[in-house]
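Undergrad: 2 is the number of the first residue of the sequence shown in the working numbering; add one for each residue after it. We put the CB at the ideal spot given by N, CA and C, even for glycine. Bear in mind that the values here come from a model prediction, so they are computed numbers and not experimental data. Below is the structure I would like to discuss, written out as structure tokens.
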Amino acid sequence: MFDRTKLRIWGFLLSIFGCCQFIILTTIAILVYPGGSVKNPSASKYQFFYNFFSDLGLVQAINGENNLASRILFTIALTVVGFTLIFYFLGMPSFFRSEKITKWLSIIASINGSISAIAYIGIGFTPADVYIDWHMIFVYFGFTSLLLTTILYTIVIFLSKDFPNFYGWIYLIFSIAQFLYLIILYAGGLLFSSAINSLIQVIGQKVIVYVEIICFAIQSYGGWQVIKRKGKKTKTQKNLVSLET
Numbered sequence: 002m003f004d005r006t007k008l009r010i011w012g013f014l015l016s017i018f019g020c021c022q023f024i025i026l027t028t029i030a031i032l033v034y035p036g037g038s039v040k041n042p043s044a045s046k047y048q049f050f051y052n053f054f055s056d057l058g059l060v061q062a063i064n065g066e067n068n069l070a071s072r073i074l075f076t077i078a079l080t081v082v083g084f085t086l087i088f089y090f091l092g093m094p095s096f097f098r099s100e101k102i103t104k105w106l107s108i109i110a111s112i113n114g115s116i117s118a119i120a121y122i123g124i125g126f127t128p129a130d131v132y133i134d135w136h137m138i139f140v141y142f143g144f145t146s147l148l149l150t151t152i153l154y155t156i157v158i159f160l161s162k163d164f165p166n167f168y169g170w171i172y173l174i175f176s177i178a179q180f181l182y183l184i185i186l187y188a189g190g191l192l193f194s195s196a197i198n199s200l201i202q203v204i205g206q207k208v209i210v211y212v213e214i215i216c217f218a219i220q221s222y223g224g225w226q227v228i229k230r231k232g233k234k235t236k237t238q239k240n241l242v243s244l245e246t
């Protein structure tokens, strides 16, 4: 019989691993990207203020060179973080079963979050220079649907007595950042000139992606720590009972 507590612990630890490997692999992918951006097609390297994350997953770099190494790293990074975030979302609802409203809100949030994680995997497997329509569907769906998840978990954590409010504040800050980014993503072309919009889109994407990764690393750590504290509390209570008897 499976030990559900241990499975949840491993799920949270895997999620932390997924976040860490994403930062490491995308950093390496940036370093090995052959070059080229919409702003400067002949560039010989990745340009932080002009290249999108999606450029790392292109079959052919914008400067015309083969992009195999960067694409493999990018795809692995997104696939691993996507799958490990699913483990995180599977483990979270069990903290909020004491109240009916938090139970169901957390389940809805986790289902939606898991779908967002699958969308991130889809981004990795649909290079923008080959499957642009599918790539953009996954991008818009992944980022947009995740906002609902983080808003719901913000509410759930603040309503619950079983999970520290600190993590609710982390989710709240991330939700605000997501909302601002979605304004840029959907309406940037209407708010800014073409040149400024391009720059804001590129920088905004990098900021929100890394903020998201940090957010879920913190949340996964929080889930792991709450389980550990509950385990110690349960063990202490059992020891007291055994002493009394």
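Is it buried or exposed, R72, if we count other Cβ atoms within 10 angstroms and call 16 or more buried?
TA: Taking the first residue of the sequence shown as position 1, residue 72 is located at position 71. Buried, by the Cβ-count rule.
Undergrad: Go ahead and label D56 buried or exposed: buried means 16 or more other beta carbons lie within 10 angstroms of its beta carbon, across all protein chains shown.
TA: Reading the sequence shown from its first residue, position 55 is the one you call residue 56. Buried, because 16 or more other Cβ atoms sit within 10 Å of the Cβ of D56.
Undergrad: Tell me the DSSP secondary structure of N64 in three-state form.
TA: If you number the sequence shown from 1, residue 64 lands on position 63. Coil at N64, not helix or strand.
Undergrad: By DSSP, does S221 sit in helix, in strand, or in coil?
TA: Residue mapping note: residue 221 aligns to position 220 of the sequence shown, counting from 1. Three-state DSSP puts S221 in a helix.
Undergrad: If we count the other Cβ atoms within 10 Å of its Cβ and call it buried at 16 or more, is N60 buried or exposed?
TA: Start at 1 with the first residue of the sequence shown, and residue 60 comes out as number 59. One point to set straight first is that residue 60 is Val, not Asn, in the sequence displayed. Per the 10 Å Cβ criterion, exposed.
Undergrad: Could you pull out every residue in the same chain whose Cβ sits closer than 7 Å to the Cβ of I209, ignoring the five residues on either side in sequence?
TA: What you label residue 209 is simply residue 208 of the sequence shown in a count that begins at 1. These residues qualify, in order along the chain: A178, Q179, Y182.
Undergrad: Could you tell me if Q226 is buried or exposed, where buried requires 16 or more neighbouring beta carbons within 10 angstroms of its beta carbon?
TA: Looking up residue 226 in the sequence shown gives position 225. Exposed: under 16 other Cβ atoms inside 10 Å.
Undergrad: Would you kindly work out how many angstroms separate the C-alpha atoms of K40 and E66, rounded to a whole number?
TA: Locating residue 40 in the sequence shown gives position 39, where the first residue counts as 1. Locating residue 66 in the sequence shown gives position 65, where the first residue counts as 1. Cα to Cα, K40 sits roughly 17 Å from E66.
Undergrad: What are the boundary residues of the alpha helix (DSSP H) that includes A118?
TA: Locating residue 118 in the sequence shown gives position 117, where the first residue counts as 1. Taken as a continuous stretch (DSSP letters only), the alpha helix (DSSP H) holding A118 covers 101 to 125.
Undergrad: Kindly indicate which three-state DSSP category D56 falls into: helix, strand or coil?
TA: Walking along the sequence shown from the start, residue 56 turns up at place 55. Looking at D56 - three-state DSSP - the assignment turns out to be helix.
Undergrad: Check N240 in the structure and name its three-state DSSP category.
TA: Taking the first residue of the sequence shown as 1, we reach residue 240 at position 239. Confidence in N240 is poor, its pLDDT being 48 and thus under 50, which makes the residue's placement unreliable; the coordinate value appears in the next sentence. N240 falls in the helix class under three-state DSSP.
Undergrad: Closer than 8 Å by C-beta to L241: which residues in its own chain qualify, once you throw out the five before and the five after it? Chain order, please.
TA: Numbered from its first residue, the sequence shown carries residue 241 at position 240. Since pLDDT at L241 reaches only 46, below the 50 mark, its modelled position is unreliable, and the value read off the structure follows with that caveat. So the list is empty, once near-sequence residues are dropped.
Undergrad: What residue does the alpha helix (DSSP H) around N41 start on, and which one ends it?
TA: Here residue 41 refers to the residue found at position 40 of the sequence shown. N41 -> no alpha helix (DSSP H), and no H or E assigned at all.
Undergrad: Let me make sure I understand the geometry here. Which of I201, Y154, T85 has the alpha-carbon closest to that of P94?
TA: Position 93 of the sequence shown, counting from 1, holds the residue named residue 94. Ranking I201, Y154, T85 by Cα distance to P94 puts Y154 first.
Undergrad: Verify the contact flag: K40, CB atom, against every heavy atom of the ligand NAP, threshold strictly below 6 Å.
TA: The ligand NAP is not among the ligands present in this structure, which contains no ligands whatsoever.
Undergrad: Which same chain residues, not among the five before or five after V82, have their C-beta less than 6 Å away from its C-beta?
TA: Reading the sequence shown from its first residue, position 81 is the one you call residue 82. If we look at V82 and ignore the five residues flanking it on each side, its Cβ neighbours are G19, F23.
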